[in-house]
Amino acid sequence: MATDVINTPADIGDGRHIQKLSDSFNTGVATLKTKVTTALEALNGNPSDPTTLSNYQAALAEYTLYRNAQSNVVKAYRDIDQSIIANYK
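For what it's worth, full-length UniProt numbering labels the leading residue of the sequence shown as 1, then goes sequentially.
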């Protein structure tokens, strides 16, 4: 009698799938953080310029959106894992 084996991403790797998933966002975070820092420095140099303020707000919004996506992806996996564990009780 043969049994089918189902491998999940965690089974294939070293058991750090969620950590790796979160880490994959860090490259984008570093790029966006640099963008926010640059825009903030420009804003500090000329706080009354609407273009500079707009650039800062856009960079900050992009950074925040990306961080929220990272958090939501990791949270979704955590919730799925908790649901699976709860079903075994």
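Every residue gets a Cβ at the ideal spot worked out from N, C-alpha and C, and that includes glycine.
In terms of residues, what are the limits of the alpha helix (DSSP H) holding residue i?
i, result
"ASN87", "50-87"
"ASN26", "17-45"
Just to confirm, is the Cβ distance from residue i to residue j under 7 Å?
i, j, result
"LEU65", "THR52", "no"
"PHE25", "GLN70", "yes"
"LEU40", "TYR63", "no"
**OP:** Inspect the CB distances between the segment 24-37 and the segment 59-77 and report whether three or more fall short of 8 Å.
**Re:** Yes, the segment 24-37 touches the segment 59-77.
Original post:
Is the segment 70-77 touching the segment 12-32, taking contact as three or more C-beta pairs under 8 Å?
Top reply: Counting Cβ pairs under 8 Å, three or more are found: they touch.
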